[in-house]
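Engineer: Number 634 marks the last residue of the sequence shown (numbering that gives the first Met the number 0); no jumps.
Every residue gets a Cβ at the ideal spot worked out from N, C-alpha and C, and that includes glycine.
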Amino acid sequence: MATKTEAASIAGSLQRGKACLRCRKRKMRCDGVKPACQQCIRAKKADGCEYDDGKGKTRTQILRETIARLENRIRELEDPEYISPAVTLYDPNLHQRSGSSSSISSAGGTPLSASHSPFASVDSTNSPHDSWTHLPSVPSPSPSPFSPDLYFEEAKVQPPFELALMLLDIYAPHRQQSGLLLHTERLRESLSLPPSEQRHPVLMNAIYLWACFISRPEPLCQHEEHYLARALEAIGEAIRLGNHALDVIQASCLLSMYFLSNGRMLEGSYHASAAVGLAVQCGLHRGISLDSQSWIPQSADSFDIKPVKDLSESERVLTFWQVFNLDRCWAVVMRRPSMIPDGPDGWNSINTPWPLDIADYEAGQMHQGSSYLTVRSFLNGDVSGGYSTQAARAKATALFYRADEVVSNWDPRVTPSGSLLDDMQTLERAITQFVPSMIPIHQLDAASPEDKPAIIVAHTLAQATMIHLYRRFAQSDGVSYAKCLRAAHTCVAIIKHLSEADFTLLEPIISHCWTDAADILMQELNNLETSWPLMNSSDVRNEIGVLLYAVTSLGSRFPLLAEQQNQPWMRPLYMAPSPRPISRDGMDKVQLQQQQQQPSPQRLQQQSYGLPAESPGSRLERSSTCRRVSRTTTQ
């Protein structure tokens, strides 16, 4: 009875600041009974009933001390000259003098500035616990490496060493997918160097952005916007300093690929243009031995790029071809001219040697001699040099853009000129010489996991080049149509060598090549189902199904490619029936019934998938061509 009376007396005359932390937070009347007040007992929160009475540190105070130590440690890493003050978050004497335990003071009694904290400032009238309620609940003072409040809000703080290594490990298998040709081991080593010798944050944040992006839908992807903002903010600083040009170029390429992959085409084009402009200004397209190129005017000094250790030469080469692949491939997709000059003279031509594989550079191999008119010589039939996987990827890009460049100059209302036909034959000859230099398609499964994605993209780009080159002539020329159809069949054959793991590593540009192949196969399906006599179309339907599966699988990882599922060539496929049964003699049973009924050509056209009709002569010519191509492919 006395206890209840005493508790009521305490509750009625409890001094300000004597309530437990839980009652303060919820603004409830607290009776001040220890070890647990009645409010906490009724809420079954007796274990969480804490008092900030100056006689001991609460868990909240311990957590605040830990955060302050982490902030000081981060400042020490960023600025070696920074002297960390001894921070005292709890001073019983100060509490007795001021009557409040909410002060955060240094050894000299100076409160910490709000600008030093990564958290939002709060009203000073709030209680200490109210000021930190947004902190995650942790069982111990040790912070979680994924705590967003600790590592993802301060704009000037890099992630902890362990978290940075983890993000690099996530990103490393996808570097080819994002277009970055770089030594990931050097990036790891850079994290252990003093801040002044590390790679610039603009590059590292772009890499961390991609690590979060490819982690979708895992929780790590929620930090994409954080690293995107950090990378964009760091670009201006890196350009102002002027000694991290390679980092800015590489980061701009990564940002461009990130935006393009997410369907943000304008932003992607902007950063691609920035990367190309800076790369050209730095003279990356002019090769690696600038001093020996006497044809460069003395007044045209290039932007000086300070070398990065002993790999500066290889990194210059790899960075240029990263920009080249981005610019030329996506120029075709976005229907714009390339921004990298490649003229006939030395000043504006590409003279950078074909890249070696990163393993070759790590083994100490370097480029011998100098290169001249690298891309133009290759397109004109020079197949010497450049046998690495990365060189094959760059050569495929050169072919892909050149085909679009050649046919875009032709007006369908005008008969093709002799020069146009010569350019087409020259390019086709370059394709036929290039494809055998790579691992054959039937041996793709034997390729190393690191090289396989690049080889697949190179093979697919080569076949898409053939389609781009002859597609505009295929409507009226059976030979051109046969070449396009053969290339489309080859694209499907390549897809059949892909595993589920391979789809996670492919570049998004490959989906546009699959779209080109699907256009040809849809036209072939229309030809087969509107020809007379009717022919079996199940093989073509199955091939279109393979392309549909490939685009859908890749689209689940890239929002841009998911939009292709709404393209015109996809809609008829969803409506198409499954392959029909075949009788023992090879005749489609449904086709046999239709043949007996002898439907009219108009009726057959109505059963097609909305594709434009052709003249009977052209249709028969194309059908016979199809049979020849099918026999050749089977053999």
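Looking at Ile430 and Leu378, is the spacing between their C-beta atoms short of 8 Å?
Structural biologist: no
Engineer: Ser447: which of His182, Ala393, Pro172 and Pro435 sits nearest, CA to CA?
Structural biologist: Answer by Cα proximity: Pro172.
Engineer: In this structure, how does DSSP classify Cys19 when only helix, strand and coil are distinguished?
Structural biologist: coil
Engineer: On the CB-based measure, 16 or more other CB atoms within 10 Å of its CB, does Ser323 come out buried or exposed?
Structural biologist: The sequence given here has Phe at residue 323, not Ser. Classified as buried, Phe323 has 16 or more neighbouring CB atoms from the shown chains inside 10 Å of its CB.
Engineer: Among Glu232, Ile206, Asp246 and Pro336, which one has its Cα closest to the Cα of Ser268?
Structural biologist: The shortest Cα separation from Ser268 among Glu232, Ile206, Asp246 and Pro336 belongs to Pro336.
Engineer: Just the Cα atoms here: how many angstroms apart are Ala486 and Arg470?
Structural biologist: Each residue's alpha carbon lies about 11 Å from the other.
Engineer: What does a CB cutoff of less than 7 Å around Met423 pick up in its chain, not counting 5 residues either side in sequence?
Structural biologist: Val405 and Leu468
Engineer: Would you decide whether Tyr50 is buried or exposed? Buried here means 16 or more other CB atoms lie within 10 Å of its CB.
Structural biologist: buried
Engineer: Who are the near neighbours of Gly385 in its chain, counting only those whose CB is closer than 6 Å to its CB and skipping five residues on each side?
Structural biologist: Apart from sequence neighbours up to five positions away, the residues of its chain that approach Gly385 with a beta-carbon distance below 6 Å are Trp353, ordered along the chain.
Engineer: For Ser436 and Ile455, what's the separation of their Cα atoms in angstroms?
Structural biologist: 13 Å
Engineer: For Leu559, which residues of its own chain have a beta-carbon under 7 Å away from its beta-carbon, when the five flanking residues on both sides are left out?
Structural biologist: Leu259, Ser260, Asn261, Gly262 and Pro507
Engineer: Give me the Cα-Cα distance between Val247 and His366, rounded to the nearest whole angstrom.
Structural biologist: 24 Å
Engineer: If you reduce the DSSP assignment to three classes, tell me which class Ile440 lands in.
Structural biologist: DSSP places Ile440 within a helical segment (H, G or I) once states are collapsed to three.
Engineer: So, with DSSP's three-state summary, where would you put Leu93?
Structural biologist: Summary for Leu93: the model assigns pLDDT 41, below 50, so the residue's position carries little reliability, and this model does not support an answer.
Engineer: Let me confirm a value: Gln280 is counted as buried when at least 16 other C-beta atoms fall within 10 Å, else exposed. Which label applies?
Structural biologist: exposed
Engineer: Going by the C-beta, is Arg263 closer than 7 Å to any heavy atom of the ligand MG?
Structural biologist: This structure simply doesn't include the ligand MG, nor any ligand for that matter.
Engineer: For Arg187 versus Asn204, is the C-beta spacing smaller than 8 Å?
Structural biologist: Result no, Cβ atoms of Arg187 and Asn204 do not sit closer than 8 Å.
Engineer: Any contact between the region 311-331 and the region 166-184? By contact I mean 3 or more CB pairs, one from each, below 8 Å.
Structural biologist: yes
Engineer: Between the region 470-485 and the region 510-520, do at least 3 Cβ pairs fall closer than 8 Å?
Structural biologist: Contact holds: three or more Cβ-Cβ distances are below 8 Å.
Engineer: Can Gly286 and Thr351 be called in contact, C-beta distance under 8 Å?
Structural biologist: yes
Engineer: Determine, using beta carbons only, whether Arg198 and Ser189 come nearer to each other than 8 Å.
Structural biologist: yes
Engineer: Pull up the CB-CB distance for Leu524 and Ile543, whole angstroms please, since I reckon it's below 8 Å.
Structural biologist: About 7 Å; that satisfies the 8 Å criterion.
Engineer: Do you know how far the Cα of Ala45 is from the Cα of Ala67?
Structural biologist: 29 Å
Engineer: Classify Val279 as helix, strand or coil using the three-state DSSP reduction.
Structural biologist: helix
Engineer: Does DSSP classify Phe695 as helix, strand or coil?
Structural biologist: For the chain, the structure presents residues 0 to 634; residue 695 sits outside this window and is missing.
Engineer: Report buried or exposed for Glu217, applying the criterion of at least 16 other Cβ atoms within 10 angstroms of its Cβ.
Structural biologist: exposed
Engineer: Can you give, in chain order, each stretch of the alpha helix (DSSP H) that sits fully within the region 309-370 and has at least 4 residues?
Structural biologist: 311-332 and 357-361
Engineer: If you draw a straight line from the C-alpha of Asp421 to the C-alpha of Arg428, how long is it?
Structural biologist: 11 Å
Engineer: What three-state label does DSSP hand Trp209 in the structure shown?
Structural biologist: Looking at Trp209 - three-state DSSP - the assignment turns out to be helix.
Engineer: Could you check what DSSP says for Ser498 in three-state terms: helix, strand or coil?
Structural biologist: DSSP places Ser498 in coil when its eight states are reduced to three.
Engineer: Comparing alpha-carbon positions, which option in Glu232, Pro193, Tyr170 and Thr414 lies nearest Arg215?
Structural biologist: Tyr170
Engineer: Looking at Gly178: is its Cβ nearer than 8 Å to the Cβ of Leu283?
Structural biologist: no
Engineer: Given a cut-off of 8 Å on the beta-carbon distance, is the pair Ala453 and Arg540 in contact?
Structural biologist: No, Cβ-Cβ distance for Ala453 and Arg540 is not below 8 Å.
Engineer: How far does the alpha helix (DSSP H) with Arg239 in it reach, from first residue to last?
Structural biologist: Element bounds for Arg239: Glu223 to Leu240.
Engineer: Do you know how far the Cα of Ala463 is from the Cα of Phe472?
Structural biologist: 15 Å
Engineer: Between Ser407 and Leu426, what straight-line distance do the alpha-carbon atoms span, to the nearest angstrom?
Structural biologist: Distance between the alpha carbons of Ser407 and Leu426: 14 Å.
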